[in-house]
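Chains as they are written, first to last, in the numbering used here: chain A, 1 to 115; chain B, 1001 to 1113.
From the three backbone atoms N, C-alpha and C, an ideal C-beta is built for every residue, glycine too.
Have a look at this one:
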């Protein structure tokens, strides 16, 4: 079974621009979560989607948003990019939400660099 | 607020040495516990998980972890490490019915051949 697929793998943007990252979960998985990984802050939860609904949101500004489509694919958008948004953005999918004891499986991530 | 603390940031061992990485969490309710590993240039992979039942869980590649509820701990162990175990290890906690994982800061393990 194919793993979690994230596109693009690398992205370079400048301050003030916006960016959209894409995540295709493992087939059959309906829950998608996003994380930001930086050397200073480590892995931080951004948001979780299940059945096209945002179920949880982390402590990130409103510039960070996401959505999930009916096929469970998810996109994450960051507007008005700042230098501090440079990070590895990870997507994880699971069969259901946390309540059904299923672990999350991670993609390779999108490396976003802000100039 | 929930948090996860990993005691060691950087561990250096020789091959065949035993490994124990500490992990403590702060949450009083029901939790799911995980250890993930990130090999250089690769994605996060699940090493093992604890949901309920036997507090001693076995994972892939000879790793195991013990959940001690009274100590809010979930330490990772391996009796004999190999050079290929060089990687970054993350402890994570998930509470309740959410999909939100809270990660520790990670421990970089370097195994010398």
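Chain order gives no chain A residues near residue 1062 of chain B, where near means a beta carbon separation below 7 Å; the closest approach is about 19 Å. Pairing residue 35 of chain A with residue 45 of chain A, the inter-Cα distance amounts to about 5 Å.
Rounded to the nearest angstrom, the Cβ distance from residue 112 of chain A to residue 87 of chain A is 6 Å, consistent with a contact under 8 Å.
Identification of residues in the region 1053 to 1083 of chain B having a C-beta nearer than 9 Å to some C-beta of chain A yields an empty set.
Following the DSSP letters along the chain, one finds residue 55 of chain A inside the beta strand (DSSP E) bounded by residues 53 to 57.
Residue-level contact check: residue 108 of chain A touches chain B, since one or more beta carbons of chain B fall below 8 Å from its beta carbon.
Here the region 20 to 33 of chain A makes no contact with the region 1015 to 1031 of chain B; the two share fewer than three CB pairs at distances below 8 Å. Within chain A, 45 have C-beta atoms less than 8 Å from the C-beta of residue 1102 of chain B, given in sequence order. Your pair residue 1095 of chain B and residue 1027 of chain B checks out as a contact, with CB atoms roughly 5 Å apart and the cut at 8 Å. A direct Cα-Cα distance of roughly 33 Å separates residue 1040 of chain B from residue 52 of chain A. In this structure the region 1079 to 1088 of chain B lies against the region 1105 to 1112 of chain B, because at least three pairs of beta carbons, one per stretch, are closer than 8 Å.
For residue 82 of chain A, the number of other beta carbons within 10 angstroms of its own is below 16, and it is reported as exposed.
A direct Cα-Cα distance of roughly 17 Å separates residue 1072 of chain B from residue 1064 of chain B. Distance check between residue 1030 of chain B and each of B:1079, B:1068, B:1011 places B:1068 closest, using alpha-carbon atoms only.
Between residue 1057 of chain B and residue 1013 of chain B, the C-beta gap is not smaller than 8 Å, which leaves the two residues out of contact. A residue is called buried when at least 16 other Cβ atoms come within 10 angstroms of its Cβ; residue 92 of chain A meets this threshold and is buried. Under the DSSP assignment, residue 1043 of chain B falls outside any beta strand (DSSP E); it carries neither an H nor an E label.
In this structure, the beta-carbon distance from residue 1062 of chain B to residue 1047 of chain B does not fall below 8 Å. Note: residue 87 of chain A is bridge-paired with A:112 in the DSSP secondary-structure output. Under DSSP, residue 1069 of chain B takes part in no beta bridge, so it has no partner. Contact check for residue 1105 of chain B against residue 1006 of chain B passes: the beta carbons are separated by less than 8 Å.
For the set B:1038, B:1099, B:1033, the Cα lying nearest the Cα of residue 1052 of chain B is the one of B:1033.
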